[in-house]
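A.B. asks: Structure below; questions to follow.
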Amino acid sequence: MDTFTSEDKCERLTLLADSIQKKLKDHISPIPSSPSRSEFMSLVTALPDLIYGVLSPITKKPISQHRFLWVCTLEEVTLRTSAICKLYNELPYQSRPDTDSSHICNELKSVINNLFSCVNSFLSQADVSSFLNAGSVYENRVRTSFTALLCAACDLVDNAQEMYDGAFYRALTSLCVRAVVAVSRKQYEQWEQKLMCEADMTKLLVSLTRSSFHLGTPEFVEPLFHSASGKPPVTETYPLDSVAHLETNLPLLMDFYRYSGFCLVTLAVSDDSSYRIRREYAELANYFLVTLLSLPNLSLENYPFAIEATSAFGAAATRHRISERYFSLQDREEVSFFFVLSYILRMEKLSSLADPSPRFRSEIFYFVDAFGKRISSDLDISASRNQSYSNSTISMLSLEQRARDSIRKANANTLSVILVEGTYKEKLHLVKIFFDNLAAAIKYPSRTSIATIVETFNFESVPEGCPVMQSMKNQDFHHLLSNVDIHTYPGKKLYVEAVEKIIRLLQLLTVSHMYTTLGLDSNPDLLMTKLFKTSYTFASVSQIKPILIFENDGKLRSISKVSLDEEREIASQLDMITATHDLEQLMR
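Note that my numbering has the sequence shown beginning at 588, numbered continuously upward.
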């Protein structure tokens, strides 16, 4: 059958779809899983002609009458380009001379820009609703291919971060959001059709949130999770109906909760205009991350650091539990990192840290143990290399330089980039010691444990009259901050800002605790200086959350919460409990 037959003149649409796919398969050969250097160069060199060869014939065909032809063709070339970009990112730096590297990069950048332009032209002309139908086999194939195209485009932007086009990605994410909203509002003839469409949208949401997280643009997916009025398009219960009635893709489901939660935690600390914590996003993140952590595969019993603490399990049991993991050790560590941050950012009482939830307690202790052992292992590796015969500092710097040379600056915009791309000192002082101190405040809750955290991570100056040692420690801390490479790794800047917001929050919660328990309602600046020996003022820490206000009469007052917000929070908590319970039942 002629692949350019218009849909309104074709009596056998399924056969038309088969012909289109067969023709594309004949033109686009598969990519080798591990291509040699020469094969890879050939793939890049041949890519422009390949894309032009399959796209140029369809450019004059009206989209409305050739929907499958358009989406299937764009999907195939986008997938191929994304796969080549991924291979390029994975090539060892040592095997790419500068001239070849520059040539390949320029070739790919030119191809990607042209492809972005073509995809963007299609997206701007396409009627989204017409690609989201369900019912006939052909309509299902159009919808599935359309969703796959959007997923492939998100993945391409993610894999081609060095050639990132902000305008294209903004347009792409806007259309993806419109597609998700359209499916939620669209009336389908049968309930099963709605389920299939929502299952497709779940795949799209994973690609969208993953790319937005990696690119450091969670604001692009913000409209999906937050609505000024009514229920937002996406909540933690979104995939449950399709999971209950259709085949379950567990890794996809886990990534849905993972990247949604990561984006929301990032949004909670991403207010550049002030030191405010956006509590509503920390709350939303908690719903997604708690649901994720409730899955049996994420149980800490499946991870070595948790198993080591339980001597009842033998080696065979350990191997069995490790085989049940879907996340790597580093991925599981990252989930704990984000969950701990979301919990801290949500706190409105000091008792939440002194007497935390069992889940928070287990997650922070796991993270402290796992991350500490990992960075110690990195140090051991550096000490065992040939350079260790020289100064150990040089050896550590050499290790970090090799890491920077051999691995692209992947996901440099993420809040968690410091866990992987941080220098040893950054990992030790800004992450390990910080979380160690938080864990100590749980083990030994007292005013001094909070004071230790605040004084150790004092972003302000030390007041006059403080001990010289404390002043020197503060200077060392500021020197470390000044050396953080926030230009190459913007995510490190975001993390440092998150730590400072937490330091301000701890001081505010301490003052609030003194106010509610002891009635200390005057001169909060003096109280803070005595408690923490820092130069923070109440005015500066009270910006973080609307908990206390300093009135004109010189007295502190508690800010009452709006009852409507409390009702919404209770309703959301019930939704989260229901979602967690339902998901646990489905996974059994």
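Note that beta-carbon positions come from the ideal geometry of N, C-alpha and C, so glycine has one too.
Among all the DSSP beta bridges, which residues are the ones paired with SER616?
C.D. replies: Residue mapping note: residue 616 aligns to position 29 of the sequence shown, counting from 1. For SER616, which the question treats as bridged, DSSP gives no partner whatsoever.
A.B. asks: Just the C-alpha distance for THR1039 and VAL1086, rounded to the nearest angstrom, thanks.
C.D. replies: Here residue 1039 refers to the residue found at position 452 of the sequence shown. Here residue 1086 refers to the residue found at position 499 of the sequence shown. Going by the C-alpha atoms only, they are around 14 Å apart.
A.B. asks: Counting pairs of Cβ atoms below 8 Å between the stretch 1094-1101 and the stretch 860-875, do you hit three or more?
C.D. replies: No, because fewer than three Cβ pairs between the stretch 1094-1101 and the stretch 860-875 fall closer than 8 Å, the two stretches do not touch.
A.B. asks: Counting only the same chain and skipping the five closest in sequence on each side, list residues whose C-beta sits under 7 Å from that of LEU1107.
C.D. replies: Here residue 1107 is taken as the residue at index 520 of the sequence shown, counted from 1. Cβ within range, chain order: MET1101 and LEU1114.
A.B. asks: Between the Cα of ALA713 and those of PHE655, ASN998, GLU677 and SER723, spot the shortest distance and give me the residue it belongs to.
C.D. replies: Here residue 713 refers to the residue found at position 126 of the sequence shown. When only C-alpha atoms are compared, the closest one is PHE655.
A.B. asks: Kindly list the residues whose CB is nearer than 8 Å to the CB of ALA957, restricted to its own chain and excluding five residues on each side of it in sequence; keep chain order.
C.D. replies: Numbered from its first residue, the sequence shown carries residue 957 at position 370. Only TYR890, PHE892, LEU916, ARG919, GLU920 and SER923 meet the Cβ criterion.
A.B. asks: From ASP745 to HIS801, what distance separates their C-alpha atoms?
C.D. replies: In the sequence shown, the residue the question calls residue 745 occupies position 158. In the sequence shown, the residue the question calls residue 801 occupies position 214. Distance between the alpha carbons of ASP745 and HIS801: 7 Å.
A.B. asks: Suppose you measure from the CA of PRO819 to the CA of SER629; what does that come to, to the nearest Å?
C.D. replies: The residue given as residue 819 occupies position 232 in the sequence shown. The residue given as residue 629 occupies position 42 in the sequence shown. Straight-line Cα distance between these residues: approximately 47 Å.
A.B. asks: Given PHE755, which residues of its chain have a CB within under 6 Å of its CB, disregarding the five upstream and five downstream residues?
C.D. replies: Residue mapping note: residue 755 aligns to position 168 of the sequence shown, counting from 1. Result list for PHE755: PHE703 and ASN707, in chain order.
A.B. asks: For TRP657, count neighbouring C-beta atoms within 10 Å of its own C-beta (all shown protein chains included) and say buried if the count is 16 or more, exposed if not.
C.D. replies: For the purposes of this step, residue 657 is taken as residue 70 along the sequence shown, with counting starting at 1. Classification of TRP657: buried, given that the 10 Å Cβ count is 16 or more.
A.B. asks: At the level of alpha carbons, what is the spacing between GLN748 and PHE843?
C.D. replies: Within the sequence shown, the letter at position 161 stands for residue 748. Within the sequence shown, the letter at position 256 stands for residue 843. Whole-angstrom Cα-Cα distance: 21 Å.
A.B. asks: Could you have a look at LEU833 and say whether DSSP puts it in helix, strand or coil?
C.D. replies: Within the sequence shown, the letter at position 246 stands for residue 833. Three-state DSSP puts LEU833 in coil, outside helix and strand.
A.B. asks: Can you check DSSP and say which residues form a bridge with SER1145?
C.D. replies: Here the question's residue 1145 lines up with position 558 in the sequence shown. Note: SER1145 sits in a beta bridge opposite LEU1135.
A.B. asks: Please classify VAL538 as buried or exposed, where buried requires at least 16 other C-beta atoms within 10 Å of its C-beta.
C.D. replies: One cannot answer for residue 538 here, as it falls past the ends of the chain, which runs 588 to 1175.
A.B. asks: Using three-state DSSP, classify LEU602 as helix, strand or coil.
C.D. replies: As a first step, residue 602 must be located in the sequence shown, where it is residue number 15. Residue state, collapsed to three classes: helix.
A.B. asks: If you reduce the DSSP assignment to three classes, tell me which class LEU1068 lands in.
C.D. replies: The residue labelled residue 1068 in the question sits at position 481 within the sequence shown. Reduced to three states, the DSSP call for LEU1068 is helix.
A.B. asks: Assess contact between the stretch 663-675 and the stretch 618-629, defined as three or more Cβ pairs (one per stretch) separated by less than 8 Å. Is contact present?
C.D. replies: As far as the Cβ criterion goes, the stretch 663-675 touches the stretch 618-629, which means the pair count is three or higher.
A.B. asks: Between which residues of its own chain and GLU626 is the CB-CB distance below 7 Å, once the five residues before and five after are set aside?
C.D. replies: Locating residue 626 in the sequence shown gives position 39, counting from the first residue. Closer than 7 Å at Cβ, skipping near neighbours: PRO619.
A.B. asks: Run the CB neighbour count on ARG757, radius 10 Å, all protein chains shown included, and call it buried at 16 or more, exposed below.
C.D. replies: Sequence index remark: in the sequence shown, residue 757 carries index 170 (1-based). With fewer than 16 Cβ atoms within 10 Å of its Cβ, ARG757 is classed as exposed.
A.B. asks: Thinking just about the alpha-carbon of each residue, which of ASP787, LEU879, THR632 and LEU1143 is nearest to the one in LEU1105?
C.D. replies: For the purposes of this step, residue 1105 is taken as residue 518 along the sequence shown, with counting starting at 1. Checked all of ASP787, LEU879, THR632 and LEU1143; the closest Cα to LEU1105 is LEU1143.
A.B. asks: What do you get for HIS614, buried or exposed, if any count of 16 or more other CB atoms within 10 angstroms of its CB means buried?
C.D. replies: The residue you call residue 614 lines up with position 27 of the sequence shown. Classification of HIS614: exposed, given that the 10 Å Cβ count is below 16.
A.B. asks: Beta carbon of LEU1015, beta carbon of ILE962: below 8 Å?
C.D. replies: Position 428 of the sequence shown holds residue 1015. Position 375 of the sequence shown holds residue 962. Yes, Cβ-Cβ distance for LEU1015 and ILE962 is below 8 Å.
A.B. asks: Could you say which of GLY959, ASN701 and MET1056 lies nearest to GLU1011 if we only look at CA atoms?
C.D. replies: Within the sequence shown, numbered from 1, the residue matching residue 1011 stands at position 424. One point to set straight first is that residue 1011 is Tyr, not Glu, in the sequence displayed. If we check each option's Cα against that of TYR1011, GLY959 comes out closest.
A.B. asks: Kindly confirm or deny that the stretch 1064-1083 and the stretch 1120-1127 touch, where touching means at least three C-beta pairs closer than 8 Å.
C.D. replies: Counting Cβ pairs under 8 Å, fewer than three are found: no touch.
A.B. asks: Roughly how many angstroms lie between the CA atoms of ASN727 and SER1036, to the nearest whole one?
C.D. replies: Position 140 of the sequence shown, counted from the start, is the residue given in the question as residue 727. Position 449 of the sequence shown, counted from the start, is the residue given in the question as residue 1036. Rounded to the nearest angstrom, the two C-alpha atoms are 59 Å apart.
A.B. asks: Using a Cβ-Cβ cutoff of less than 8 Å, which residues in the same chain neighbour ARG1091 once the five nearest sequence positions on both sides are dropped?
C.D. replies: Within the sequence shown, residue 1091 is the residue found at index 504, counting from 1. Excluding positions up to five away in sequence, the list reads TYR862, TYR1123, SER1127, VAL1128, GLN1130 and ILE1131.
A.B. asks: Quick check: the Cα distance between SER1093 and HIS1065, rounded to an integer number of angstroms?
C.D. replies: Looking up residue 1093 in the sequence shown gives position 506. Looking up residue 1065 in the sequence shown gives position 478. Correcting the residue type first, residue 1093 is Leu in the shown sequence and not Ser. For LEU1093 and HIS1065, the distance between alpha carbons rounds to 20 Å.
A.B. asks: Leaving out five residues before and five after ILE607 in sequence, what residues of the same chain have Cβ atoms less than 7 Å from its Cβ?
C.D. replies: Within the sequence shown, the letter at position 20 stands for residue 607. Contacts found: THR590, PHE655, LEU656 and CYS659.
A.B. asks: Hey, is ASN1110's beta-carbon within less than 8 Å of any beta-carbon in chain C?
C.D. replies: Checking the listed chains, one finds no chain C in this structure; it contains a single protein chain.
A.B. asks: Assuming LEU840 contacts VAL830 under a Cβ cut-off of 8 Å, what Cβ separation, rounded to an integer in Å, is found between them?
C.D. replies: Your numbering for residue 840 matches position 253 in the sequence shown. Your numbering for residue 830 matches position 243 in the sequence shown. Contact holds; Cβ gap of about 6 Å.
A.B. asks: Measuring straight from C-alpha to C-alpha, what distance separates ASP595 and VAL631?
C.D. replies: For this step, residue 595 is matched to residue 8 along the sequence shown. For this step, residue 631 is matched to residue 44 along the sequence shown. Their backbone Cα atoms lie some 38 Å apart in a straight line.
A.B. asks: Going by other Cβ atoms of all chains shown within 10 Å of its Cβ, with 16 needed for buried, is SER881 buried or exposed?
C.D. replies: The residue labelled residue 881 in the question sits at position 294 within the sequence shown. So SER881 ends up on the buried side.
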